[in-house]
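Novice:
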Amino acid sequence: MSIKVENLSFSYGEKEVLKDVSFQAEYGQFLSVLGPNGVGKSTLFRCMLGLLKPTAGGTYIDGKSTADMTASQLSHHMAYIPQSHNPVFNYSVFDMVLMGTTGKMGNFSAPGKEQIRAAEKALARLGISHLRDRGYANISGGERQLALIARALVQDAKILIMDEPSSALDYGNRMRVMQTVKSLTKEGYTVIQSTHDPDQAFLYSDRVLAIHGGRVLAYGEPKETICDQLISTLYGVEVEVCSLYEDRMRVCVPANIGQ
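Numbering (the numbering used here), first residue to last: 295 to 553.
#1: With DSSP as the reference, please indicate the residues paired to residue 484 in a beta bridge.
#2: Find out if the Cβ-Cβ distance for the pair residue 351, residue 320 is shorter than 7 Å.
#3: Measuring alpha carbon to alpha carbon, tell me which residue in 512, 537 and 470 is nearest residue 316.
#4: Going by the beta-carbon positions, is the gap between residue 375 and residue 297 smaller than 7 Å?
#5: From this set, 388, 452, 318 and 461, which residue's C-alpha is nearest residue 430's C-alpha?
#6: On a CA-only basis, which of 329, 338 and 330 is nearest residue 455? Give me that one, please.
#7: Could you check the C-alpha separation between residue 444 and residue 434 for me, to the nearest Å?
#8: Following the continuous alpha helix (DSSP H) through residue 314, name the residue where it begins and the one where it ends.
#9: Tell me the residue span of the beta strand (DSSP E) that contains residue 440.
#10: From the DSSP output, in three-state form, read off residue 429 for me.
#11: Going by C-alpha to C-alpha distance, which of 492, 471, 394 and 469 sits closest to residue 446?
Below is the structure:
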């Protein structure tokens with residue numbers, strides 16, 4: 295069982311953004327998509343989620359094309375967690391999480407006991423039950439991100455698509471969010487995130503997909519892909535990738551530091 299992107303291309307008018315992008319993620323895997331700003335990471339996610347129609351290729355879940363699925367069917371498979379979210383109204387954290395259950399209800403239905411229990415369970419699972427009645431706009435960035443993850447969990451989709459989930463967070467919140475997300479893979483969730491942080495990608499990922507110029511530059515296990523040349527090509531800077539703790543972690547250090 296897996297999600298597979300096969301020869302996916304996309305253009306905005308005559309501007310080709312993605313060119314023959316292919317990769318696969320199994321259930322229970324954490325995949326990080328690396329690449330500079332404007333390389334097409336968010337466009338890739340929009341194509342996978344059915345928000346944009348690829349000019350070629352497509353996305354397949356367990357062998358079935360997502361192009362043949364309705365929005366409701368897609369919501370049973372994939373949940374999207376944005377980088378940040380600022381609703382017009384200051385809903386309570388509980389109401390924000392409860393909104394994730396709407397895909398399971400009819401157009402004119404209201405949440406029932408089952409949906410309320412699911413939202414309460416998700417809050418408890420992520421350790422934010424104490425925020426239940428707080429205004430979503432009045433909590434920290436890390437707490438908001440955990441609330442969005444809880445909303446995705448009640449959607450009951452096993453594939454989580456995350457657009458730079460920790461980029462706006464401080465160090466402590468970033469670590470808490472990433473550890474929480476990583477723990478979900480042990481329960482069978484597939485997590486696909488975009489990130490600018492190669493150190494983070496190495497620490498948490500089972501697979502890394504590097505995109506440059508709209509094409510796949512590298513794809514594979516972190517130890518096979520994250521190296522000096524890859525990071526220099528992606529971001530246009532000279533770095534040395536240093537191994538720590540018997541290669542359980544790698545960090546990027548500027549090549550000319552101290553000069």
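Note that beta-carbon positions come from the ideal geometry of N, C-alpha and C, so glycine has one too. Note that this is a predicted model, so its numbers are computed, not measured.
Specialist: Taking the definition as stated:
#1: Start at 1 with the first residue of the sequence shown, and residue 484 comes out as number 190. BP columns for residue 484 point to 453.
#2: Stepping through the sequence shown from its first residue, residue 351 is reached at position 57. Stepping through the sequence shown from its first residue, residue 320 is reached at position 26. No, the Cβ-Cβ distance between residue 351 and residue 320 is not below 7 Å.
#3: Sequence index remark: in the sequence shown, residue 316 carries index 22 (1-based). When only C-alpha atoms are compared, the closest one is 512.
#4: Within the sequence shown, residue 375 is the residue found at index 81, counting from 1. Within the sequence shown, residue 297 is the residue found at index 3, counting from 1. Result no, Cβ atoms of residue 375 and residue 297 do not sit closer than 7 Å.
#5: Start at 1 with the first residue of the sequence shown, and residue 430 comes out as number 136. Measuring from the Cα of residue 430, the nearest candidate turns out to be 388.
#6: Looking up residue 455 in the sequence shown gives position 161. The shortest Cα separation from residue 455 among 329, 338 and 330 belongs to 338.
#7: Looking up residue 444 in the sequence shown gives position 150. Looking up residue 434 in the sequence shown gives position 140. The straight-line gap from Cα to Cα measures roughly 15 Å.
#8: Start at 1 with the first residue of the sequence shown, and residue 314 comes out as number 20. Segment 309–320 is the beta strand (DSSP E) holding residue 314; no alpha helix (DSSP H) there.
#9: Translated into positions along the sequence shown, residue 440 becomes position 146. Not the beta strand (DSSP E): residue 440 falls in the alpha helix (DSSP H), residues 435–448.
#10: To locate residue 429, count along the sequence shown from 1; it is residue 135. Looking at residue 429 - three-state DSSP - the assignment turns out to be strand.
#11: Translated into positions along the sequence shown, residue 446 becomes position 152. The shortest C-alpha separation from residue 446 is found at 394.
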